[in-house]
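Under full-length UniProt numbering, read the sequence shown as residues 1 to 375, first letter to last. This report refers to the structure that appears directly beneath it.
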Amino acid sequence: MIRPAVELAAAARPTSPLTVLVPTCNEAENVAPLLHGLQAALGGLPEARVLFVDDSTDGTDALIRKLAPGLGIEVDVLHRERPSGGLGGAVVAGLASARTPWCVVMDADLQHPPELAPALVAEGERSGAQLVVGSRYRAGHRAGGFTGPVRSLISRLCTRLVRMAFPRTLAGISDPMSGLFAVRRDLWESAELQPEGYKILLELAVRTRPSSVAEVPYSFQPRHSGESKAGYAEGMRFLRHLTRLRMSGTRGRMIAFTLIGASGMVPNLIVTWALVRAGVHYLLAAILANQAAMLWNFVLIDSVLFHHRRSGRGRRRLARFAVLANADLVGRIPLLSLLVREARLGPVWATGATLLAASAARFVITDRALYRPAE
C-alpha cells in the first residue's frame, strides 16, 4: 500500500492520539528548526506529544526544555545518563514511556520531514496497517540526503543485504533501513526488542512480523547541521545486529558457526601447505596451522556470532577458546596420521577431512559451554 507523501502531508489528519519519538545525541543545532516543524505539523491535534529521548552531552536536553513552553504542543524530554543500545536503545526506552496508540519515530537532523509525522499515522488508520514505513526507495522519490555517493551506495547495499537475509519478513518493506516510521502500540508491546545500534526498524519488523505494512514514499533531505553518527563502529554494530537477528535460535547459530569454521579452513590449509612445502613435518604443520585458524575463528565468533553473550575479559575468552580449539588435536592428529599413512591422502586433503570431522563437536561445546546463555 503506497500513497504519495505530498498528498498525505497536505490532507491527512489522524484521529488517534500519537507520540512523535525523536532520539537525540548532540543535536543542539537541529532541535529548534525541528520543533518548529513539528509545531506546524501537529498544531490542532489535541492529543499529540513529542518525546525526545536524549543521550547528549552538549546540552541538547536543556535547550529542548527551554524552547518547549512557547510551542503550544506537549514536549517531553527523557535524558539518559547512561545510554545503552545506541539509537535503537533510545527508541525502545521511548516506546516504553509512550502512552498513545501510535508512535512515530524520526531522526532529529531534519532528514525526515516533520510534516510527515501525522501523515504516517493517518495512513495507518486508513489502511489498517500495524506498521507504516517512510520509504526513500519508491518511484518518484530520492535518497538525496546522503553526504556523497559512497554513503548512498553503502545504504543501498545494506538494504539489499537485509532484504536478502529476510526475504519473506521484509517482502512488503522497500526501505527496511529507514529511520522514519509509525508503529501501532499493539505491535511494539508484543515484542521483546533487543536493538544494537541505529537500525531499530529492522529489529522491530523481524521480531514482530507485522500482519500488515503500509508505506509512504518521501525524499530524504540533506542533514540540517552536525555530523552523521554513521561510521566504522556503527557498521560493525549493524553487522552484529543483522547476524544476531538472522542466526537467532540454535539452528541458526549452528549454521553461522559452521560457516565461520569453514572460513577458518582457508588460513588453516594455506599455512599447512606453506609449512609442508617449506619442509616442516605434516603433523607439526597441522598443529601450527591450527593456531592460525583458531585466531581467525575466535575473532569472528567473539565479535559477531556470540558478541551479545560475551562475559569476562577478552584474554580469558581467547584462552578458553584456544583450549577447545586445540583439544580436538588429540583426536585429529592420530586421524590425520592414519589418513596420510593408510589412506594415502595428501597432508592438505587429510587435514581438510579432519577439520570437517571436528566441526560439529566443537559447535556443541562452544554453544552450550563456552558461550552459554545467562541464567
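Cβ coordinates follow ideal geometry from the N, Cα and C atoms, glycine included. Just so you know, these numbers come straight off a predicted model, no measurement behind them.
For residue i, three-class secondary structure by DSSP
| i | result |
| --- | --- |
| F306 | coil |
| F166 | coil |
| G128 | coil |
| A10 | Residue placement at A10 cannot be trusted, given a pLDDT of 49 that sits under 50; what the coordinates show is reported in the next sentence. It is helical. |
| E234 | helix |
| P195 | coil |
| R362 | helix |
| P210 | coil |
| D186 | helix |
| S155 | helix |
| T15 | coil |
| G172 | coil |
| S337 | helix |
| D328 | coil |
| E203 | helix |
| G314 | helix |
| L345 | coil |
Cβ-heavy atom distance, residue i to the ligand MG, below 6 Å
| i | result |
| --- | --- |
| Q291 | In terms of ligand content, the structure shown is empty, and the ligand MG therefore cannot be addressed. |
Other residues of its chain near residue i: CB distance less than 6 Å, five sequence neighbours each side excluded
| i | result |
| --- | --- |
| T147 | With a pLDDT of 49 at T147, under the threshold of 50, the modelled position of this residue cannot be trusted, and the question is left open. |
| A293 | G264, P267, N268 |
| W273 | V348 |
| D76 | L51 |
| L355 | M265 |
| T100 | P17, L18, T19 |
| R80 | D55 |
| R185 | P101 |
| Y137 | S174, D175 |
| A117 | V20, A41, V104 |
| F363 | M254, F257 |
Cβ neighbours of residue i in the same chain (closer than 7 Å, five flanking residues each side left out)
| i | result |
| --- | --- |
| G145 | At G145, the pLDDT of 48 sits below 50, so the modelled position is not reliable; the number obtained from the coordinates is stated separately. Answer for G145: Q111, F220, Q221, P222, R223, listed in chain order. |
| T60 | T24, N26, E27, A28, V31, D54 |
| E125 | P14, T15, S16 |
| I173 | V133, A205, V213 |
| I260 | N297, L300, I301, L305 |
| G352 | M265, L269 |
| S190 | T208 |
| L170 | V162, R163, P176, A205 |
CB-CB length for residue i against residue j, believed under 8 Å
| i | j | result |
| --- | --- | --- |
| V105 | L180 | 7 Å |
| L67 | L35 | 6 Å |
| L202 | V162 | 6 Å |
| I73 | A48 | 6 Å |
| residue 394 | A182 | The structure shown does not extend to residue 394, since the chain spans only 1 to 375, so no value can be given for it. |
| L283 | S337 | 7 Å |
| P210 | L120 | P210 to L120, Cβ: 14 Å. No contact. |
| R240 | H307 | 5 Å |
| R310 | R320 | 12 Å between Cβ atoms; not a contact. |
| residue 380 | P113 | The first residue shown for the chain is 1 and the last is 375, placing residue 380 beyond what the model contains. |
| S135 | S178 | 6 Å |
| S359 | T258 | 6 Å |
| L335 | A357 | 7 Å |
| A62 | L78 | No, A62 and L78 are not in contact; Cβ-Cβ is about 14 Å, not under 8 Å. |
| E188 | L95 | Sequence check: residue 188 is Trp here, not Glu. Right, their Cβ atoms sit about 5 Å apart. |
| L339 | A327 | With a Cβ gap of about 20 Å, L339 and A327 do not count as contacting. |
Bridge-paired residues (DSSP) for residue i
| i | result |
| --- | --- |
| F181 | V105, V133 |
Chain D within 7 Å of residue i, Cβ atoms only
| i | result |
| --- | --- |
| E234 | The structure shown contains no chain D; it is built from a single protein chain. |
Cβ neighbours of residue i in the same chain (closer than 8 Å, five flanking residues each side left out)
| i | result |
| --- | --- |
| L329 | A286, I287, N290 |
| T57 | N26 |
| D367 | T250, R253, M254, F257 |
What runs of the beta strand (DSSP E), each 3 residues or longer, lie entirely inside the UniProt domain "Glycosyltransferase 2-like" (19-152)?
48-54, 74-79, 102-105, 131-135
Enumerated in chain order, which unbroken segments of the alpha helix (DSSP H) with a length of 4 residues or greater are wholly contained in the segment 242-309?
250-277, 282-300
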